[in-house]
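Structure first, commentary second.
Given below as C-alpha cells:
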C-alpha cells in the first residue's frame, strides 16, 4: 500500500457524507460564523473530533462542502502581498488563473447551480463574504463601515466576469488573454476596494 | 367584446407558437442579423406576411421570443440623449429602474435560464449585442475596432450587477437604492464605454 501524502484520513464514506450534509445545512442556514463544528457533529451523529479528523478546520470543512478545490487562504497572500497599489489587477489576474485552470470547472458548475438553487446561492454568498472578501478587505485596512458595500461591489464585477467568460461566453471577453482583462477590469476592482464609491 | 388596444392580432395560438419556436431556433442558431422573417416563416410553414402581422418587425419578433417585456429601442434614447458624459451612470440607473420593476421578473427568469441552457444563453447574448450594446456604442461614436471589447466589458459589469442584486442577493447591493448603485457602478460602465481599457 502506498503511503498517504496527507495526514487526513478519507474515512468511512457514509460518515463523510453525513458530515458534509450537516455542514451544508449549517453553513447555508446559520452562516459560516454561527455554524460550529460541534453543532455539525451533533447533527451528523458523530464526535466533533471525527469531523476535525476527516476535514480539518472549519474553513477546510466549508471548502469541502462547496466541492471546489480552491483555497482562498493559499491564493490571497500573493494578491495582497503588494499592498493597496495594484491589488485590483492582481485580484483579477489570480481569479482568471484559477478559473481558467482545471480547478475552475467545479467553480463554474457551482456558479451555474447557485443560480437555480437558493441553498447553493447562500453557500456561495457565505463563501464569498467570509473566505474571500473579508480576507481582502481586512488586509487592506478599509473603514469597517464601508466593508459591506465595497465587498459586494467587487462581487458584482467578479461574478459578472465569471458569467460573461465562462457561462454566457460573450466574445471577446470569453477568450481574451488574462492580461488584457486584468488591465481592463483591474482598475474597476481597485476603485471598489480603495477608491471613491459614494454618491 | 372589448375593442382591442393594439392593431396587432393575437392570432391562432398554434400558429403563434410555431412562429415563435422557429424564430428561437433561427436567432439562436444563425444570430439576429442572419436570421430572416422569410426563413422563419418557411420553417414555421406560414406566409411571411403573417409573421409581420402577428409580431411586427424582426426586432419585435426577437423580443417576443425572449418573453421579456423590455424594449431597448424605447429605453435607450433617454440614456443616450445626454451624450457621452454621464452615460454610464444613466445606463445603470435605467437598467435598475427596469429590473426593479415588474418587467424585471421575466428578465431575472431569463438570466437564470440562460445559465443552464445553452440555447437561452445564445439568445441572451444575441439580444445583448444586437439590441442593447450595438445601439449604445453606435450612438457614442466609438472606434469600431474597440466595440466588441468595450461592449463585452459593459456586459461583465451589468450581468454581475443583475446576478448580485437579483439572483445571489448579496447585501448591501441586493437592497441598495438605485442612486447609490448608479453612483458607485456608473463610472465603471463609463470607463468601459468611453475611457481607457487597454493594457
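Residue numbers (my numbering), protein chains in the order written: chain A, 1 to 199; chain B, 1001 to 1199.
Positions of the beta carbon are idealized from the N, C-alpha and C atoms, including for glycine.
Exercise for the section: Ignoring anything shorter than 3 residues or poking outside the region 1057-1105 of chain B, list the beta strand (DSSP E) runs there in chain order. Expected result: none
query: Is residue 1016 (chain B) buried or exposed, if buried means 16 or more other CB atoms sit within 10 Å of its CB?
result: buried
Host alpha helix (DSSP H) of residue 1131 (chain B) (start-end): Where residue 1131 (chain B) is concerned, there is no enclosing alpha helix (DSSP H), given that its DSSP letter is neither H nor E.
Next on the checklist: Tell me which residues of the region 104-129 of chain A have at least one Cβ-Cβ distance to chain B shorter than 8 Å, keeping chain order.
Outcome noted: 111, 112, 114, 115, 116, 121, 124, 125, 128 and 129
| task | Check residue 35 (chain A) in the structure and name its three-state DSSP category. | result | coil
Note to self: Which of the three DSSP states is assigned to residue 1176 (chain B) in this structure?
What the structure shows: coil
Hey, quick one: how far does the alpha helix (DSSP H) through residue 1025 (chain B) stretch, first residue to last? 1013-1030
So with CB distances below 7 Å, who are the chain C contacts of residue 164 (chain A)?
Given the protein chain composition of this structure (A and B), no chain C is represented.
Chain A contacts from the region 1182-1194 of chain B (Cβ-Cβ distance under 9 Å): 1182, 1183, 1184, 1185, 1187, 1188, 1191 and 1192
Inset, instruction - Quick one: residues in its chain with C-beta nearer than 8 Å to the C-beta of residue 4 (chain A), no 5 flanking neighbours on either side, listed in chain order? - result: In this predicted model, residue 4 (chain A) has a pLDDT of only 42, less than 50, meaning its place in the structure is not dependable enough to derive any value.
_Only counting the same chain, and skipping five residues up and downstream in sequence, which positions put a Cβ closer than 7 Å to that of residue 1129 (chain B)?_
1151
**Asked** Does DSSP classify residue 117 (chain A) as helix, strand or coil?
**Response** coil
Exercise. Pull up the CB-CB distance for residue 136 (chain A) and residue 80 (chain A), whole angstroms please, since I reckon it's below 8 Å.
Key: 7 Å
- Message: Strictly below 9 Å CB to CB, what residues from chain B border residue 198 (chain A)?
- Response: 1180, 1183 and 1184
| said: Taking CB distances under 8 Å as the criterion, tell me whether residue 1091 (chain B) reaches chain A. | reply: no
Continuous alpha helix (DSSP H) stretch holding residue 1150 (chain B): start and end = 1147-1162
By Cβ distance, which residues of its chain are closer than 7 Å to residue 38 (chain A), with the 5 residues on each side in sequence left out? 48
*Check whether the Cβ of residue 85 (chain A) lies closer than 8 Å to any Cβ atom in chain B.*
no
Along the chain, where does the alpha helix (DSSP H) that runs through residue 166 (chain A) open and close? Neither: residue 166 (chain A) is in no alpha helix (DSSP H) and is coded neither H nor E.
Q) Among B:1181, B:1085, B:1027 and B:1075, which residue has its Cα nearest to the Cα of residue 1122 (chain B)? A) B:1027
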